[in-house]
Every structure is written in structure tokens, then in C-alpha cells.
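Written out below as C-alpha cells is the structure these notes cover.
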Amino acid sequence: MKLPFVVALLVAPSVAIAGGFGHWAFGMTAAQIRAVTDHGPYDAFTNGDLETYNATLCDQKQNVQFYLKDGVLWRIVVVTYEGTSSEDAARRWAWTYECLYKLYGTLETPDLKGTNLQELAAQAQLAVAAGAKVQMAPQSQPKGNFVFSSFNTYEVKGVTTYRVWVNYDRPSS
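In my numbering, the protein residues as written are 76 to 248.
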């Protein structure tokens, strides 16, 4: 029996109880996250948080970031787009919408109205270009998680970067 399989057996039951994403559960340590070797390698940020580019969301590889607080996992962020094209960002926002719909069902998109996904994506793109943050979330949250997605911009040295990501947080008490 290989170690990753044993780790998966140990972690899988806790995901259902503790919440999280994929093979990672809230409350895991950095060592436990790194033990999920099928999705490594992992890079460490200077503050101890981790990331991998080998995790999947809806069968596509994504950058996943693991935020640690007091040495344990408290937030997981799946980055579905980060780049300088508003058109590519809007397409990835639509892909993220379809993915979350497939996983969790009907989504809420505050401040966006449309009869189809293309209209929603176009509105999201315009809102973000005007400086807004556009969010969406499943109407029925999965047990053990609060899941929501954000689409916005940030600027570094005069370059505007668009970002679409999905947050997996513990639900509020």
C-alpha cells in the first residue's frame, strides 16, 4: 500500500466532517497538506501558507492556495484565472459559474441580471472594469463549507490584473 493512498483514506472521512476542498480538510497542518502528494509539489509563501498548481476543479488543473492560521488550514482558494485580459477573465468567470453550478446547483449572483450565462458574464466584465467586485455563491451551501467566488482587479506597477477565484471557508457559527 502506498503512502498517498493511506493518507487519502485518513483524510477523506475528515473532509465530510470538517469541510474543505478535494483531499484537504480544514484543520490540517502544512505537513498534512504536503502529504497529499498526488497534487504536489507545494510551494510555500514567506508566511507559511502553501500553494500547488496540480489540483483540479471540474477536471481542470488549477492553482490552489492554502491559508494557515495558528498552524492549521482555515481557507482554501482555487484561482481559476489571474491575468491581464478582461475578456479571458470573463470567459473564466463563466467557466467558474458552470463548474460551481455543476457541483452545487443554483447560484446567486448579486447585482447581476440576465437570461443566460453570456449576459451575466458580460455584466460581470463591465462591473469589474468599473472597479466593482462581482461575487457568486451556491444558494444551498455544501455541508461543512461556505463556498463563494469573486471576480475583481488589482493593480501592480500600473498593470491591471484580473482575478477569478473560488473560496472554501468554514461556515459561520
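No residue lacks a Cβ here, since even glycine has one placed at the ideal position from N, Cα and C.
Quick one: grab the DSSP three-state call for residue 131. In this structure, residue 131 counts as strand in the three-state DSSP scheme.
Nearest-angstrom Cβ-Cβ length linking residue 239 and residue 167, presumed shorter than 8 Å: With 8 Å as the limit, residue 239 and residue 167 qualify as a contact, their Cβ atoms being about 5 Å apart.
What separation, rounded to the nearest whole angstrom, lies between the Cα atoms of residue 172 and residue 211? Distance between the alpha carbons of residue 172 and residue 211: 8 Å.
Do the region 114-130 and the region 215-223 meet, that is, are 3 or more Cβ pairs less than 8 Å apart? In short, these stretches do not touch, since the Cβ pair count stays below three.
Environment of residue 178 [buried if 16+ CB atoms lie within 10 Å]: Residue 178 should be labelled exposed.
In chain order, what residues of the same chain have a beta carbon less than 8 Å from the beta carbon of residue 160, not counting five sequence neighbours either side? Hits under 8 Å: 237.
By Cβ distance, which residues of its chain are closer than 8 Å to residue 108, with the 5 residues on each side in sequence left out? Within the same chain, residue 108 has close Cβ partners 99, 117, 125, 141 and 148.
Going by beta-carbon coordinates alone, are residue 132 and residue 209 separated by less than 8 Å? No.
Runs of beta strand (DSSP E) wholly within the region 201-246 (minimum 3 residues, chain order): Taking only runs of at least 3 residues, the beta strand (DSSP E) segments lying wholly in the region 201-246 are 209-213, 221-231 and 234-244.
Report the rounded CA-to-CA distance for residue 77 versus residue 111, giving the unit in angstroms. Because the pLDDT of residue 77 is 41, which lies under 50, any placement of that residue in the model is unreliable, and the number read from its coordinates should be weighed accordingly. Residue 77 and residue 111 have their C-alpha atoms some 12 Å from each other.
Out of 233, 221 and 102, which one is the CA nearest neighbour of residue 175? Answer by Cα proximity: 221.
Taking only the alpha-carbon atoms, compute the straight-line gap between residue 225 and residue 96 and give it to the nearest angstrom. Residue 225 and residue 96 have their C-alpha atoms roughly 17 Å apart.
Rounded distance between the beta-carbons of residue 135 and residue 154, thought under 8 Å: The beta-carbon separation of residue 154 and residue 135, rounded to 12 Å, does not stay under the 8 Å limit for a contact.
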